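K.L.:
Residue numbers (my numbering): 18 to 303. Starting off with a structure, shown below.
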Ligand SMILES: [Zn+2]
């Protein structure tokens, strides 16, 4: 039995620490602002520096911090401009699109042009939370796809309980050159379909959950050059730390779970993820 986490590894503040990776990797999707908010501390430069130092100590050398509102997107760009290991993605999350107007899109487009912004996201469809009309979500998803194409940056997709509509709208609009499914939640059949379309699948801590055999089956059939890994921190904390807030420093647990699911050596997996990060986001991890 592989040990993904050692109970004797505890950071200075008493939080559990993952065992360091022997080949480095980056976190393809995280929310540093939401992490600070959840911890009840200011989302300032000191917080970002400490989160990224903890991450670097275990071989997680960079992270993409992802906006889910215009204000959060602005925060993400500032964070990325202020720290060499942080990159940003900007968009308005499908459950936050009510009230997003032309002025909001103009601001997103201005932010998206920043060289530290490596993706337009997270955008997509969320039929799980009964908050925002599907028709409105679809309209805004289409506008985000158009924005990604105009600025020439990858599209980072949030897809919750909406697989068929997400794939249909991508087909109808014409997908940008690079498409990443964040927190991929499809099965093996969908993974094959996405890989055949040239989409990249980013796997979260869910891949370590006992009740997620379908996601492990998806990982097993995804070509190595179409795989990324992410925390979605502070959410989706991997087993056995579920219930605690997630953080980039816990990504090694998910990397090892993903390596086991895809029967790939963790070092080989990390090397593949680094080169996919460079291909998709132009991100050099060192
Ligand atoms: Zn997210």
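Backbone N, C-alpha and C fix where the C-beta goes; we use that ideal spot for every residue, glycine too. Fair warning: this is a prediction, and the values are worked out from it, not measured in the lab.
Mapping DSSP to helix, strand and coil, what is residue 104?
P.N.:
In the chain shown, the residue the question calls residue 104 occupies position 87. The answer is strand: DSSP assigns residue 104 an E or B state.
K.L.:
Return the first residue and the last residue of the beta strand (DSSP E) that residue 82 is part of.
P.N.:
In the chain shown, counting from the first residue as 1, residue 82 sits at position 65. That run of the beta strand (DSSP E) goes 77-83.
K.L.:
Here's the rule I'm using: 16 or more other beta-carbon atoms within 10 Å means buried, otherwise exposed. How should residue 289 be labelled?
P.N.:
Taking the first residue of the chain shown as position 1, residue 289 is located at position 272. Classification of residue 289: buried, given that the 10 Å Cβ count is 16 or more.
K.L.:
Terminal residues of the continuous beta strand (DSSP E) containing residue 196?
P.N.:
Here residue 196 refers to the residue found at position 179 when the chain shown is read from its first residue. That run of the beta strand (DSSP E) goes 196-199.
K.L.:
Under a three-way DSSP split, which group does residue 300 fall into?
P.N.:
Counted from its first residue, the chain shown places residue 300 at position 283. Correct three-state label for residue 300: coil.
K.L.:
How many angstroms separate the CA atom of residue 248 from the CA atom of residue 62?
P.N.:
Start at 1 with the first residue of the chain shown, and residue 248 comes out as number 231. Start at 1 with the first residue of the chain shown, and residue 62 comes out as number 45. Going from the Cα of residue 248 to the Cα of residue 62 covers about 20 Å.
K.L.:
Would the beta-carbon of residue 15 be found less than 6 Å away from any heavy atom of ligand 1?
P.N.:
With the chain represented from 18 up to 303, any question about residue 15 goes unanswered, as that position is not in the structure.
K.L.:
To test your reading of the DSSP string, which unbroken beta strand (DSSP E) runs of 3 or more residues are found completely within the region 82-156?
P.N.:
Correct list: 103-107, 134-143.
K.L.:
Can you give me the start and stop residues for the beta strand (DSSP E) that residue 267 sits inside?
P.N.:
Locating residue 267 in the chain shown gives position 250, counting from the first residue. Per DSSP, residue 267 belongs to no beta strand (DSSP E) and is neither H nor E.
K.L.:
Is there contact between the region 287-302 and the region 229-244, where contact requires at least three CB pairs shorter than 8 Å?
P.N.:
Cβ pair count under 8 Å is three or more, so yes.
K.L.:
Can you find the residues in the same chain that come closer than 8 Å, C-beta to C-beta, to residue 37, ignoring five residues on each side of it along the sequence?
P.N.:
The residue labelled residue 37 in the question sits at position 20 within the chain shown. Closer than 8 Å at the Cβ level, and outside the excluded window around residue 37, lie 74, 75, 76, 269.
K.L.:
Could you tell me the alpha carbon to alpha carbon distance between residue 87 and residue 108, rounded to whole angstroms?
P.N.:
Walking along the chain shown from the start, residue 87 turns up at place 70. Walking along the chain shown from the start, residue 108 turns up at place 91. In a straight line, the C-alpha of residue 87 is about 7 Å away from that of residue 108.
K.L.:
Following a CB-centred definition, is residue 83 positioned closer than 6 Å to any heavy atom of ligand 1?
P.N.:
Within the chain shown, the letter at position 66 stands for residue 83. At least one heavy atom of ligand 1 is nearer than 6 Å to the Cβ of residue 83, so yes.
K.L.:
Is any beta-carbon of chain C found at less than 7 Å from that of residue 71?
P.N.:
Here there is only one protein chain, and chain C is not present.
K.L.:
With residue 81 and residue 48 assumed to form a contact (beta carbons below 8 Å), what rounded beta-carbon distance in angstroms separates them?
P.N.:
Counted from its first residue, the chain shown places residue 81 at position 64. Counted from its first residue, the chain shown places residue 48 at position 31. Going by Cβ atoms, the distance from residue 81 to residue 48 rounds to 10 Å, so no, they are not a contact pair.
K.L.:
Considering only their Cβ atoms, is the gap separating residue 120 from residue 170 smaller than 7 Å?
P.N.:
Here residue 170 refers to the residue found at position 153 when the chain shown is read from its first residue. Here residue 120 refers to the residue found at position 103 when the chain shown is read from its first residue. Not a contact, by the Cβ cut-off of 7 Å.
K.L.:
Cβ atoms of residue 83 and residue 304: under 7 Å apart, would you say?
P.N.:
The shown model of the chain, from 18 to 303, leaves out residue 304, and the question about it has no answer.
K.L.:
Could you please give the first and the last residue of the uninterrupted alpha helix (DSSP H) stretch that includes residue 62?
P.N.:
Locating residue 62 in the chain shown gives position 45, where the first residue counts as 1. Residues 62-74.
K.L.:
Leaving out five residues on either side along the sequence, give the residues of the same chain with a beta carbon under 8 Å from the beta carbon of residue 18.
P.N.:
Mapped onto the chain shown, residue 18 falls at position 1. Legend: pLDDT at residue 18 = 38, less than 50; position of this residue unreliable, value from coordinates given subsequently. Same-chain partners within the cutoff: there are none.
K.L.:
For residue 20, count neighbouring Cβ atoms within 10 angstroms of its own Cβ and tell me buried if that reaches 16, exposed if not.
P.N.:
On the chain shown, position 3 is the one that residue 20 refers to. Summary for residue 20: the model assigns pLDDT 45, below 50, so the residue's position carries little reliability; its value from the coordinates is reported in the next sentence. Exposed is the call here.
K.L.:
Within a Cβ cutoff of 7 Å, which residues of the same chain sit near residue 51, ignoring the five residues on either side of it in sequence?
P.N.:
Position 34 of the chain shown, counting from 1, holds the residue named residue 51. Cβ within range, chain order: 251.
K.L.:
Quick test of your reading: residue 14 and residue 263, contact by CB under 8 Å. State the CB separation rounded to the nearest angstrom.
P.N.:
Only positions 18 to 303 of the chain appear in this structure, which leaves residue 14 out of reach.
K.L.:
Take residue 236 as the anchor and find which of 260, 142, 214, 204 has the nearest alpha-carbon.
P.N.:
What you label residue 236 is simply residue 219 of the chain shown in a count that begins at 1. Comparing Cα-Cα distances from residue 236 to each of 260, 142, 214, 204, the minimum goes to 204.
K.L.:
Quick one: give me the first and last residue of the beta strand (DSSP E) that residue 261 is part of.
P.N.:
The count along the chain shown starts at 1 and reaches residue 261 at position 244. Run containing residue 261: none; DSSP gives neither H nor E here.
K.L.:
By the three-class DSSP mapping on this structure, what secondary structure does residue 292 have?
P.N.:
Looking up residue 292 in the chain shown gives position 275. Of the three classes helix, strand and coil, the one that applies to residue 292 here is helix, per DSSP.
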